[in-house]
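Heads up: the sequence shown begins at 220 in our numbering, then just goes up one per residue.
Think of the CB as a built atom: it goes at the ideal place given N, C-alpha and C, for glycine as much as any other residue.
To keep things clear, I will list the structure first and then write my remarks on it.
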Amino acid sequence: MSIKVEKIKDYNGHKDSIYGLCKGIKPDTFISGGGDGYIVEWDTNSHSDGKLIARIEGSVYTLYTETEKPYLYVGTAKGDLYIFDLQQVTLLYTLPLHIGGIFDILKIGQYLYVAGADGIISVLNYHDFSIHQKIKVSDKSIRKIIHDTTTNTLFAGCSDAYIYKLPLDHLYQVTRIEGHENSIFALLLNPINHHLLSGGRDAQLHIYDLEKQIELEKIAAHLLHIKDIIYIPKFELLASSSMDKSIKLWDAHTYTLLKVLDKPKYIAHSSSINKLLMIQDETLLSVSDDKNIIAWKLSV
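So, in structure tokens, the structure goes:
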């Protein structure tokens, strides 16, 4: 498949590296946050600057929204979880959950799962955000968590180079998957074939067959750390971002490299690309240490 990519807009305003990126509660909006502590909502239909939701003390590491409530969940470098009501633009809760930072947040059923730098997953009751339980997974940071709905399993990628598998009905029955030699930053379940994909400090794209419980392939995908991997449903593509300042687009069926978005060819980012997000089916967003957000238009 021949995929076309056009850079359509830069969003400027952050004063430091951007780490957090998520969808807003309206279809054409998204939210960013980073080292400056600013949490900003952007409207892709507007030519004005983004709307400041809040400024917190310290760095924003991760952002998350979900569909049941108009809530924004903010994980910080201090290990605090902030919960905002986006309709009222008010802070509802500040919860000190982890030591050393919160790297990922995920809602599954009636629980909120929060992954920390202390190697712990905090499980919160969704109705009142009280702590249901805390699971010690690793002695190092948990950088990414994803949910496999077919097996009702949680996967956690950690800085100790392991992927941990936690059945949600028996969270303490933790097993681990090997393959990496150092930190893991990105995880994705490929919906095309149910492969587990991971990336991290070794700059390789690791591909696991979960049914056979084997690693199928390692692809030398980037020159430096892989920071994020996402799936693009409309085009059945994968996108990976890296500290090497590039975004790469892959065929989700064959893992063939289709396109490289970098500064020389596409006037892309000038530093590490930390997070990717798809909105409106054809718009890819990327955020970077260069303090910039770029919107890309995909087509065939």
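Beta-bridge analysis with DSSP links Glu-434 to Tyr-427.
One Cα belongs to Glu-287, the other to Trp-469, and the distance between them is close to 32 Å. In the three-state reduction of the DSSP assignment, Phe-404 falls in the strand class. Secondary structure of Phe-454 (DSSP, three-state): helix. Among the bridge pairs identified by DSSP, Tyr-257 is matched with Arg-274. A distance below 8 Å between beta-carbons, with the five flanking residues on each side excluded, links Phe-249 to the following residues of its chain, in chain order: Leu-240, Cys-241, Lys-242, Gly-243, Glu-260, Trp-261, Thr-263, Leu-496, Ile-498, Leu-504.
In this structure, DSSP gives Lys-478 an extended state, which the three-state scheme calls strand. Where Val-308 is concerned, there is no enclosing beta strand (DSSP E), because DSSP gives it neither an H nor an E. Separation of Ile-227 and His-266 (C-alpha to C-alpha, rounded to the nearest whole angstrom) is 12 Å. Restricting attention to Tyr-230, Thr-295, Lys-353, Ser-518, the CA atom closest to the CA of Leu-343 is found in Lys-353.
Taking C-beta separations shorter than 6 Å and ignoring five residues to either side along the sequence, the partners of Ser-360 in its chain run Ala-336, Ser-378, following chain order.
Closest by C-alpha distance to Leu-476, out of Glu-430, His-441, Ser-236, Gly-253, is His-441. Of the residues assessed, Arg-274 falls on the exposed side of the cut-off, its CB having fewer than 16 other CB atoms within 10 angstroms. For Ser-402, the CB contacts under 6 Å within the same chain, skipping 5 residues up- and downstream, are Ser-378, Gly-419, Arg-420 in chain order. Across the structure, Lys-478 and Ala-439 are spaced so that their CA atoms are roughly 15 Å apart. Residue state for Lys-510 is assigned as coil, using DSSP reduced to three classes. Under the criterion of beta carbons closer than 8 Å, Ile-448 and Ala-405 qualify as touching, at roughly 4 Å. Per the C-alpha coordinates, the member of His-317, His-444, Asp-367, His-346 positioned closest to Ala-380 is His-444. Non-local C-beta neighbours of Gly-232 in its own chain, meaning closer than 8 Å and more than five positions away in sequence, comprise Tyr-257, Val-259, Asp-268, Gly-269, ordered along the chain.
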